[in-house]
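Trainee: Residue numbers for the sequence shown, in the UniProt record's numbering: 1 to 173. Pasting a structure here, questions to come.
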Amino acid sequence: MEENLISLHTDSGNSSDEHPPKKRRGGEVGRDFICSVEGCNKDFKSRHLAKLHYCGSDSDSDTVSQSGYDSEQVATKVVVGLEIDDITGKTYATRSQLKLAGAGALSCPYPELQALVSNVDDIPTGSKNCEYVFTRAYDFRRHLKVAHGIEADKERVDEWTNNAKKAKASTSN
Numbered sequence: 001m002e003e004n005l006i007s008l009h010t011d012s013g014n015s016s017d018e019h020p021p022k023k024r025r026g027g028e029v030g031r032d033f034i035c036s037v038e039g040c041n042k043d044f045k046s047r048h049l050a051k052l053h054y055c056g057s058d059s060d061s062d063t064v065s066q067s068g069y070d071s072e073q074v075a076t077k078v079v080v081g082l083e084i085d086d087i088t089g090k091t092y093a094t095r096s097q098l099k100l101a102g103a104g105a106l107s108c109p110y111p112e113l114q115a116l117v118s119n120v121d122d123i124p125t126g127s128k129n130c131e132y133v134f135t136r137a138y139d140f141r142r143h144l145k146v147a148h149g150i151e152a153d154k155e156r157v158d159e160w161t162n163n164a165k166k167a168k169a170s171t172s173n
């Protein structure tokens with residue numbers, strides 16, 4: 001009886017005659033994008049990889065790391081963000097000033113938060129004004145929690161933000 005079950009199981013597994021084998025995902029099929037640098041014979045399955053390809057080496061391992069990520073792409077993203085103004089915060093300050101010139105952006109009122117907090121004793125003492133600029137009440141509420149350690153009520157923050165935006169719009173008109 002056991003032999004019959006084993007033979008039935010192995011016979012049912014031989015259905016390869018009915019269906020053709022699956023084609024491999026890798027290999028040479030579909031490598032339509034060829035490196036445009038003279039003397040480089042590498043070809044790629046995507047235009048993206050062909051553009052990011054570095055022609056200084058002959059091995060495929062230089063283009064794509066073992067993790068599957070393109071090492072050229074990762075290095076480029078890291079280098080792009082390392083401008084001195086980005087590191088020092090000057091870019092953020094400049095962008096914030098441009099946002100504040102518009103009607104939709106507001107700056108964090110810290111340390112003057114009496115309108116947002118029910119207990120004034122909950123406000124940490126700090127003499128330096130906060131430079132955070134926001135357009136949405138949600139972002140402001142998250143900022144208060146993370147940067148200043150203040151749990152502000154959603155309705156109060158929404159109301160304060162709406163009133164501040166209306167006041168700013170009326171003074172700019």
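Ideal Cβ placement from N, Cα and C applies to all residues, glycine included. The model shown is predicted, which means the values in this text are computed figures rather than measured ones.
#1: Compute the Euclidean distance between the alpha carbons of residue 33 and residue 83, then round it to the nearest angstrom.
#2: Assuming residue 101 is part of the alpha helix (DSSP H), what are its boundary residues?
#3: Buried or exposed: residue 115, going by 16 or more other Cβ atoms within 10 Å of its Cβ?
#4: Thinking residue 96 and residue 133 are a contact (beta carbons under 8 angstroms), I'd like their distance in whole angstroms, please.
#5: Indicate whether residue 148 and residue 110 have their beta-carbon atoms separated by less than 9 angstroms.
#6: With H, G and I counted as helix, E and B as strand and the rest as coil, what does DSSP make of residue 139?
#7: Please classify residue 9 as buried or exposed, where buried requires at least 16 neighbouring CB atoms within 10 angstroms.
#8: Nearest by alpha-carbon distance to residue 129: which of 117, 112, 141 is it?
Mentor: Short version:
#1: 33 angstroms
#2: 90-101
#3: exposed
#4: 4 angstroms
#5: yes
#6: helix
#7: Note that residue 9 has pLDDT 48, beneath the 50 cutoff, so the model's placement of it is unreliable and no number is given.
#8: 112
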